[in-house]
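Encoded as structure tokens, the structure appears first; notes follow it.
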Amino acid sequence: MTISDYPEQWPVTATKDHFQGRVFGVRTDTVEMPGDDVADRDYIVHIGSVAVLALDDDDRVLMIRQYRHAAGHQLWELPAGLRDVEGEPLAETAARELAEEAGHQAATWYTLVDLMSSPGMTNERIRVFLARDLSPVEIDFVRTHEETDMPVEWIPLPDAVELALMGKIHNSPAVAGILAAYAASAEGFHTLRPSDAPEA
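Laid out in structure tokens, this is it:
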């Protein structure tokens, strides 16, 4: 058996949208189940996001700290953002977020890992990129709200792995990106997909 996720959509007999905000909505689908049964499934409809594991020449991970109201925490995260520009290639979205949130640009990009953040409750998809060959960049961008004060720290990749495994870092794209980068580093990152790799 080949182990690989694949798309499949069971028939939906009814849909009800309960809420629609700027970033996500809440929906109930009535889904045909095996055995001639139907069941309601509530979920969050999300526009999707990207994250960037930026790794410098000393194999240090660029991390930012951001307040997350829903979680009630200040979280150490990777630069990340929403897929909120229609038609924009995901690598360009990631490059924009890296510049806006962390003041850096990268000359080399790879697809590091693709995530479904919580597939039992949302259709959100997150692509985490690996960015290398970094340099500072200044752009005309004003940070507001939670982004007003986001300190940047450079953490050696093995230390970041240890922090994730010790439960010191909780943000899911950060944990997945750190562990994926550490695993990929064993092969010199040569097994990674290109930055424009299609999503499944």
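Everything in the sequence shown is counted per the numbering used here, starting at 37 for the first residue and increasing by one. We treat Cβ as the ideally placed atom computed from N, Cα and C, and that holds for glycine. Predicted model only: the values in this text are computed from it and were never measured.
Bridge partners of residue i, per DSSP?
i	result
T227	In DSSP, T227 forms no bridge with anything.
M99	E189
W112	R101
T64	K52, D78
M152	R161
W46	DSSP lists no partner for W46.
Using 8 Å for Cβ pairs, my map puts residue i next to residue j. What's the rounded Cβ distance?
i	j	result
L118	V59	6 Å
A220	T227	6 Å
A116	E133	6 Å
V74	A167	That pair is no contact at about 45 Å.
E189	G139	Between G139 and E189 the Cβ distance is about 13 Å, and since that is not below 8 Å, they are no contact.
D120	I80	Wrong, their Cβ atoms sit about 16 Å apart, outside the cutoff.
Going by beta carbon distance, what residues of the same chain come within less than 6 Å of residue i, once the five residues before and after it are set aside?
i	result
D92	L170
A50	T66
R163	V86, L126, D150
A196	V97, I214
T64	K52, D76, D78
A143	D169
L199	I205
Using a 10 Å radius around the Cβ and a threshold of 16 neighbouring Cβ atoms, would you call residue i buried or exposed?
i	result
Y146	buried
L201	exposed
G123	exposed
P209	buried
A135	buried
M157	exposed
G211	The sequence given here places Val at residue 211; Gly does not occur at that position. It counts as buried.
S40	exposed
T38	exposed
S231	buried
Looking only at its own chain, which residues have a Cβ that is under 8 Å from the Cβ of residue i, when we skip the five neighbours before and after it?
i	result
W46	V67, E68, M69
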